[in-house]
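Written below as structure tokens is the structure these notes are about.
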Amino acid sequence: MTEKMLSEQIKKINESTHLSETEKDRLISELLRQTTPQSGRLEFNPAGGYVLSFLFPPLGLFIGGHYLFRYGENGVKPGIICIVLTSVSLIVQLLLFKNMFRALLSGLSSLKIPEI
Numbered sequence: 839m840t841e842k843m844l845s846e847q848i849k850k851i852n853e854s855t856h857l858s859e860t861e862k863d864r865l866i867s868e869l870l871r872q873t874t875p876q877s878g879r880l881e882f883n884p885a886g887g888y889v890l891s892f893l894f895p896p897l898g899l900f901i902g903g904h905y906l907f908r909y910g911e912n913g914v915k916p917g918i919i920c921i922v923l924t925s926v927s928l929i930v931q932l933l934l935f936k937n938m939f940r941a942l943l944s945g946l947s948s949l950k951i952p953e954i
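Everything in the sequence shown is counted per my numbering, starting at 839 for the first residue and increasing by one.
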């Protein structure tokens with residue numbers, strides 16, 4: 839049902855004189871209930887969130903928080919896993935960066951500037 843048809847039906851219900859206000863409200867709410875999609879239990883697949891949490895650590899904090907706040911009890915485990923993966927990824931990246939930085943500095947210290 840299109841939005842225009844829905845608004846026309848609501849207008850017809852409101853213009854009808856033989857219905858009381860409570861009946862009008864009930865009919866409109868039933869009409870809206872029929873036209874809106876029924877949302878059941880929210881299904882989600884956290885595997886993509888796990889991968890993003892490990893590959894892009896700052897993004898993992900937002901994904902973990904999203905799971906915790908958006909999905910309630912169903913999102914506690916994926917949210918905590920995302921945050922833990924983010925923490926592990928940050929530690930691994932910091933250790934790698936420390937070693938790379940150390941190698942860079944040792945390589946630069948052995949360079950000799952030629953005298954002119």
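No residue lacks a Cβ here, since even glycine has one placed at the ideal position from N, Cα and C. Source: prediction; values computed, not measured.
Expressed to the nearest angstrom, what Euclidean distance is found between the alpha-carbon atoms of residue i and residue j?
i: residue 853; j: residue 869; result: 15 Å
i: residue 917; j: residue 893; result: 16 Å
i: residue 933; j: residue 940; result: 11 Å
i: residue 929; j: residue 901; result: 18 Å
Out of the options, state which residue places its alpha-carbon closest to the alpha-carbon of residue i.
i: residue 845; options: 867, 908, 924; result: 867
i: residue 896; options: 907, 924, 930, 858; result: 924
i: residue 927; options: 904, 888, 905; result: 888
i: residue 872; options: 922, 847, 945, 891; result: 847
Mark residue i as exposed unless 16 or more other C-beta atoms lie within 10 angstroms of its C-beta, in which case mark it buried.
i: residue 913; result: buried
i: residue 858; result: exposed
Handout entry: Secondary structure, alpha helix (DSSP H): runs of 4+ residues fully inside the stretch 895-954
Key = 895-908, 914-947
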